[in-house]
Structure formats: structure tokens, C-alpha cells
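A.B. asks: One structure coming up, written as C-alpha cells, with questions to follow.
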Amino acid sequence: MSLKANTLVALLLSVAVSAVATAADQKEVTIGLIGDSTVATTYGWGPGFSKLVSSDTEVLNYAKNGATLDSLSHKLDELLKQKPDYVLVQFGHNDQKRYGTQAYAEKLKSYVDRIKAAGAGPVIVSSVTRRNFGPDGKILPRPAGDLLKAPLYEYALTAGEVAKAEEVPFLDLYTISVAHHNKLGPEKTSAYDFSETDTTHFSPAGTAATAELVATELKVVVPQLAGHLK
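Throughout the sequence shown, residue numbering follows the UniProt record's numbering, covering 1 to 230 in sequence.
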């Protein structure tokens, strides 16, 4: 065999060995999702997120319509029995109708502690914004009142504080989604709406676009998952 042929064979072998090593290094990963309807399989961003993971990554979506941290506590136990590597936790929309931010913080901390105890990595996600606009064409949060204990952004701030105190990753979807829709404006944002009167849940286009926001930021806050996200 000529020197040129030997060099070619050696190069091919090197590439093959490198490919095998890379495949071995890429561990299969399971990501759990738990939260309310804005994450759930009905009209949340969860289904879109499931399409953005690599073939060696499984997504377990335990989010449920109308859920609060209290009401889905038993579902967290079920999820943790599946031994996920990471669990993304997003609550707020329904919690703000039932209790204030201090109680929310305590309940969210309990989730984080239980996820850690199960050997998984908690990732706190602040609530995606409701797509209500003010006269200036910018997102206008619903204020506290008879139906809400506090505005949604206060729960988002609390979620960040819990993440900092617990030293876990924080994906600030509230701030990201507000900026996203302020940039799009009301007319383009309407394509995300589940219906003409539902500016909270997502159309298929809204599901896909919001999942992209989540996946893009998740690569930043949990760099270990970057290779598992398209």
C-alpha cells in the first residue's frame, strides 16, 4: 500500500474513532416538564419543545390545565419516579389567583427541594406572559384585584429570587416573552392566540415560537443541554 493510501486509511480511522467517542459522550437525557396549561400538551409550549430535542432526549410532559403548585404536587411525585435528569418547573398563572408571592415562593422551593432529593436538576421557569396589550401597543400586565393576588410579573420576580437562593438555573420566560411580543406588536402577536378571545394559550404557531424561546434560553442557562437541543 502506498504512503498516500496509508495516510487516507489512517485519516478515515481517526474520523471513525472520533465519531464513536462523540456518540459515547452524548448521554441519553430525560427532561421533565411540570406546570400549567401554558406548558401542557393541550395548548401549551410543551409539545413544540418536544420537537426541538435530539433523538437521544426524551421529554416527559406532566403539565396540566388549571394547575397550581399545590394541585400538581402529586404529579411531581409521579414524574420523579421516572428518574428524569432535569425538571423544568413553570407555575404562576393559576397560583396568582389563589395565594400571594410569599406562599408561592415557599411552594416553589418545596418543588426544588424534592427534585434535588430525587437526584434530578431543577430549572425554574417564570410564567410566559399573557398577550394583553395597552394603548401604546406594549404588553400590559393584568393588575392585582379581586381575581389576582398580585400581577404576574411579581411571581416572575419571585421565581428568580427562589432560583438564586436555591442556586438552580433560572429561565426567565416572562421577561423574554414580554420583550418578544413587544417587538412583534399586537397584530403579529395575534397569530399566537388559541382563539380570538384567548390570548393566554397558544395556536400551533404560538406553541412552536414559544418553544423556540424556551429552547434557545435553555442552552444558555443549562449549557449541558445544548447538545440535546436542535
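Ideal Cβ positions, reconstructed from N, Cα and C, are used throughout, including at glycine. If you're wondering where the values come from, they're calculated on a predicted model, not measured in any experiment.
Helix, strand or coil for A226 per DSSP?
C.D. replies: Three-state result, A226: helix.
A.B. asks: Taking only three categories from DSSP, how would you classify H93?
C.D. replies: coil
A.B. asks: Might you give, ordered along the chain, the residues of its own chain that have their beta carbon closer than 8 angstroms to the beta carbon of V221, omitting 5 neighbours on each side?
C.D. replies: V123, P169, F170 and L171
A.B. asks: Counting along the chain, where does the alpha helix (DSSP H) carrying S73 start and finish?
C.D. replies: S73 to L80
A.B. asks: Using the C-alpha atoms, what's the distance from T101 back to D146?
C.D. replies: 16 angstroms
A.B. asks: Tell whether a beta-carbon distance below 7 angstroms holds between R131 and T57.
C.D. replies: With contacts defined as CB atoms closer than 7 angstroms, R131 and T57 fail to qualify as a contacting pair.
A.B. asks: Please report how far the alpha carbon of G35 lies from the alpha carbon of S50, in whole angstroms.
C.D. replies: Cα to Cα, the separation comes out at about 15 angstroms.
A.B. asks: For residue 316, count neighbouring Cβ atoms within 10 angstroms of its own Cβ and tell me buried if that reaches 16, exposed if not.
C.D. replies: Examination of residue 316 is not possible in this model, given that the chain is present from 1 through 230 alone.
A.B. asks: Touching or not, the segment 92-99 and the segment 64-73, by the rule of three or more beta carbon pairs under 8 angstroms?
C.D. replies: yes
A.B. asks: Determine the extent of the beta strand (DSSP E) in which V29 is found, giving its start and end residues.
C.D. replies: V29 to G35
A.B. asks: State the Cα-Cα distance for the pair E106 and T38, rounded to the nearest angstrom.
C.D. replies: 22 angstroms
A.B. asks: Considering E58, what are the terminal residues of the beta strand (DSSP E) in which it resides?
C.D. replies: T57 to N61
A.B. asks: I'd like the list of long-range same chain contacts for Q82, defined as Cβ closer than 8 angstroms, with 5 residues on each side in sequence excluded.
C.D. replies: T30, G32 and L60
A.B. asks: Determine which residues share a DSSP beta bridge with V221 and list them.
C.D. replies: None; V221 has no bridge partner.
A.B. asks: Would you call K138 buried or exposed, if buried means 16 or more other Cβ atoms sit within 10 Å of its Cβ?
C.D. replies: exposed
A.B. asks: Using only CA atoms, which one of L184, S110 and G206 lies nearest to F194?
C.D. replies: G206
A.B. asks: Could you say which of V87, S110, G46 and A117 lies nearest to N65 if we only look at CA atoms?
C.D. replies: Taking only the C-alpha atoms, the option nearest N65 is G46.
A.B. asks: Run the CB neighbour count on H74, radius 10 Å, all protein chains shown included, and call it buried at 16 or more, exposed below.
C.D. replies: So H74 counts as exposed.
A.B. asks: Could you compute how far the alpha carbon of P143 sits from the alpha carbon of P84?
C.D. replies: Going from the Cα of P143 to the Cα of P84 covers about 36 angstroms.
A.B. asks: Determine the direct distance from the alpha carbon of P135 to that of D113, and round the result to whole angstroms.
C.D. replies: 42 angstroms
A.B. asks: Take G41 as the anchor and find which of A215, P204 and P223 has the nearest alpha-carbon.
C.D. replies: The displayed chain sequence assigns Thr, not Gly, to residue 41. Of the candidates A215, P204 and P223, the one whose C-alpha sits nearest the C-alpha of T41 is P204.
A.B. asks: In angstroms with no decimal places, state the Cα-to-Cα distance between S127 and A159.
C.D. replies: 9 angstroms
A.B. asks: Can you have a look at A21 and say buried or exposed, based on whether 16 or more other CB atoms are within 10 angstroms of its CB?
C.D. replies: Since pLDDT at A21 reaches only 36, below the 50 mark, its modelled position is unreliable, and the value read off the structure follows with that caveat. Classified as exposed, A21 has fewer than 16 neighbouring CB atoms from the shown chains inside 10 Å of its CB.
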